[in-house]
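Asker: Starting off with a structure, shown below.
Protein chains in written order, with the working numbering: chain A, 729 to 896; chain B, 771 to 1054.
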């Protein structure tokens, strides 16, 4: 097995942690809709930065990086919901075997961010529905949460991309 | 060449197995519920505390000063209204003192040390929440070191918001009453002029935006707008009697038509939770 570039791994992991902290800070001050009566959205700059940074690793390293980032997010922010590990590893798989692009430009990164957030939220909603954890209808979920979240993060994605460009 | 292909096929097989295992595990943990390990909790608490005291608390402090300054503008008008209300307050205080004195006499006569309605409160601040649409939990800055225990009720100025479901050394997790699948049923009572109805608050209905209370007694006489409070019958560690939960909204039969369900409108505005209090029964 090839040796993982430890410095790059650590550097990129610290960058993701900083973005997770930023997300947590923003989400703390964003209005929360616990009663599901109106619009609410979540900041996912960390996830968008992850989709950009994961491409800087070689094939196997990407999965290790995905697993570590996913596990950290699941434990600290994701209520120990292990599906986040799978989502982060799937993004690595998608970039490696399906998209096969090493360096993304702004429109590509925005599209990838959009798809990633959409898939993550859709998957979690499906799991919640299957397990009977929620009775919220698909249209309510899409109108009150999914679309506002996608819109908010699309506005944020050029900033994330600009920071990524400075880093690489 | 053949070796490499074989290795790749094996790798793919392991990945598929791992993916299926994680999906099944995720669904399983959602249905059954999984308690995070001690290490997970320590990591989560440490990060939550660091983030709050280094980043969120200073911004919150500045934001509060600005809000207070803005609120000062309304102080004159509010003061006029409050002065008018003060006239009735003296009468209420006198009445309360008489009731308290009667209560103390009855307690002494019956040799009672405490009542189910007696409780102490510890003020706390929300320091974190899971950034997800599905999140129904908050992290507060009180833990085992402050005497917090699992099952204690958590309130704000408007009524009960939830109960403590996990206690760390310095922080605790509060599970909100707006969960669609409640962690445990909360014993409540509906107060009418001449009668008290008992029930169990078991979930939150997102379509009606109301709590779902399964009635344990008959429903004759329940009208809309009655106060719903905690009954104090949950046992040791649970909420004391008399904490406001909501007001009655609708009475209907359950899906199986076996029991009566009362929908209760929450009195708390869950979208503005910052300062809370943990309730501790005095007998504990």
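Backbone N, C-alpha and C fix where the C-beta goes; we use that ideal spot for every residue, glycine too. Since we're looking at a predicted model, the values are computed, not measured.
Going by DSSP, name the residue or residues bridged to residue 802 of chain A.
Answerer: Paired residues: none, contrary to the question.
Asker: I'd like to know whether the C-beta of residue 705 of chain A is nearer than 8 Å to at least one C-beta of chain B.
Answerer: Residue 705 of chain A falls outside the range modelled here, since chain A spans only 729 to 896, and no answer is possible.
Asker: Residues of the region 779–809 of chain A in Cβ contact with chain B at a cutoff of 8 Å, in chain order, please.
Answerer: For the region 779–809 of chain A, which is checked against every Cβ of chain B, the residues closer than 8 Å are 803, 804, 805, 806, 807, 808 and 809.
Asker: Which residues does DSSP list as the beta-bridge partners of residue 930 of chain B?
Answerer: Looking at the DSSP assignment, residue 930 of chain B forms a beta bridge with B/925.
Asker: Between the region 930–946 of chain B and the region 842–850 of chain A, can you find at least three pairs of beta-carbon atoms closer than 8 Å?
Answerer: Touching, no, given that fewer than three Cβ pairs across the two stretches are closer than 8 Å.
Asker: Below 8 Å between beta carbons: does that hold for residue 826 of chain B and residue 756 of chain A?
Answerer: For residue 826 of chain B and residue 756 of chain A, yes; Cβs fall inside 8 Å.
Asker: Excluding sequence positions up to five away, which residues of its chain have a Cβ less than 6 Å from the Cβ of residue 1040 of chain B?
Answerer: Answer for residue 1040 of chain B: 948, listed in chain order.
Asker: Closest Cβ-Cβ distance between residue 902 of chain B and chain A: below 8 Å?
Answerer: Closer than 8 Å: yes.
Asker: State the DSSP-derived secondary structure class of residue 993 of chain B, mapped to helix, strand or coil.
Answerer: If DSSP states are grouped into helix, strand and coil, residue 993 of chain B belongs with coil.
Asker: Could you pull the DSSP bridge partners for residue 890 of chain B from this structure?
Answerer: DSSP, once it has assigned bridges, lists B/1050 as partnering residue 890 of chain B.
Asker: Using 8 Å as the threshold, is the region 914–931 of chain B in touch with the region 865–883 of chain B, meaning 3 or more CB pairs across them?
Answerer: The region 914–931 of chain B, when compared against the region 865–883 of chain B, does not touch it at the 8 Å Cβ threshold.
Asker: Give me the Cβ distance between residue 923 of chain B and residue 787 of chain B, rounded to the nearest whole Å; I'm assuming they're in contact under 8 Å.
Answerer: About 45 Å; that fails the 8 Å criterion.
Asker: In three-state terms, what does DSSP make of residue 841 of chain B?
Answerer: Residue state, collapsed to three classes: helix.
Asker: Mark residue 807 of chain A as exposed unless 16 or more other C-beta atoms lie within 10 angstroms of its C-beta, in which case mark it buried.
Answerer: So residue 807 of chain A counts as buried.
Asker: I'd like to check one pair, residue 752 of chain A with residue 800 of chain A: are the Cβ atoms closer than 8 Å?
Answerer: No, they are not a contact pair.
Asker: So the candidates are B/945, B/905 and B/818; which of them puts its Cα closest to the Cα of residue 898 of chain B?
Answerer: For the residues B/945, B/905 and B/818, the minimum Cα distance to residue 898 of chain B belongs to B/818.
Asker: Return the bridge partner residues of residue 969 of chain B from the DSSP annotation.
Answerer: DSSP lists B/958 and B/985 as partners of residue 969 of chain B.
Asker: For the region 810–824 of chain A, enumerate the residues whose C-beta is nearer than 7 Å to any C-beta of chain B, in chain order.
Answerer: Those would be 810, 811, 813 and 814, in chain order.
Asker: One question on the structure: do residue 1033 of chain B and residue 1019 of chain B come within less than 8 Å of each other, judged by their Cβ atoms?
Answerer: Yes, they are a contact pair.
Asker: Does the region 834–843 of chain A come close enough to the region 849–858 of chain B to have 3 or more Cβ pairs within less than 8 Å?
Answerer: Judged by Cβ distances under 8 Å, the region 834–843 of chain A makes no contact with the region 849–858 of chain B, as fewer than three pairs qualify.
Asker: Could you check if residue 974 of chain B is buried or exposed, using at least 16 other CB atoms within 10 Å of its CB as the buried criterion?
Answerer: Classification of residue 974 of chain B: buried, given that the 10 Å Cβ count is 16 or more.
Asker: Taking only beta carbons into account, state which residues of the region 928–951 of chain B come closer than 7 Å to chain A, listed in chain order.
Answerer: Residues 946, 948, 950 and 951.
Asker: Distance cutoff 8 Å, beta carbons only. Does residue 899 of chain B sit that close to anything in chain A?
Answerer: So, interface residue.
Asker: What residues in its chain sit with their C-beta under 7 Å from that of residue 950 of chain B, if we drop five residues either side in the sequence?
Answerer: Cβ neighbours of residue 950 of chain B beyond the five flanking positions: 973, 974 and 976.
Asker: Which residues in chain A have a C-beta closer than 8 Å to the C-beta of residue 907 of chain B? List them in chain order.
Answerer: Ordered by position in chain A, the residues that pass the 8 Å Cβ test against residue 907 of chain B are 807.
Asker: Bridge partners for residue 907 of chain B per DSSP, in chain order?
Answerer: DSSP, once it has assigned bridges, lists B/945 as partnering residue 907 of chain B.
Asker: Closest to residue 833 of chain A by C-alpha separation, out of A/771, A/855, A/765 and A/889, would be which residue?
Answerer: Checking every option, the nearest Cα to that of residue 833 of chain A belongs to A/889.
Asker: Please list the segments of the alpha helix (DSSP H) lying wholly inside the region 835–877 of chain A, counting only runs of 4 or more residues, in order along the chain.
Answerer: For the region 835–877 of chain A, whole alpha helix (DSSP H) runs of length 4 or above, ordered along the chain, are 866–869.
Asker: Nearest by alpha-carbon distance to residue 980 of chain B: which of B/916, B/1001 and B/1036 is it?
Answerer: Closest by alpha carbon: B/1036.
Asker: Identify each residue in the region 1013–1028 of chain B for which the Cβ-Cβ distance to at least one residue of chain A is less than 8 Å, and report them in chain order.
Answerer: The region 1013–1028 of chain B vs chain A, Cβ under 8 Å: nothing.
Asker: CB of residue 851 of chain B to nearest heavy atom of the ligand ZN: below 7 Å?
Answerer: Because no ligand of any kind appears in the structure shown, any question about the ligand ZN cannot be addressed here.
Asker: For residue 894 of chain B, does the count of other Cβ atoms within 10 angstroms reach 16, so buried, or fall short, so exposed?
Answerer: The residue in question, residue 894 of chain B, is buried, as its Cβ has 16 or more Cβ neighbours within 10 Å.
Asker: My output table needs one value for residue 1045 of chain B: the three-state DSSP class, helix, strand or coil.
Answerer: Of the three classes helix, strand and coil, the one that applies to residue 1045 of chain B here is strand, per DSSP.
Asker: For residue 778 of chain A, report the span of its alpha helix (DSSP H) as first-last.
Answerer: From DSSP, the alpha helix (DSSP H) with residue 778 of chain A extends over 773–781.
Asker: Give me the residue from B/955, B/995 and B/1022 with the minimum Cα distance to residue 1001 of chain B.
Answerer: Nearest of B/955, B/995 and B/1022 to residue 1001 of chain B, Cα basis: B/955.
Asker: Does residue 1023 of chain B come out as helix, strand or coil in the three-state DSSP assignment?
Answerer: Correct three-state label for residue 1023 of chain B: strand.
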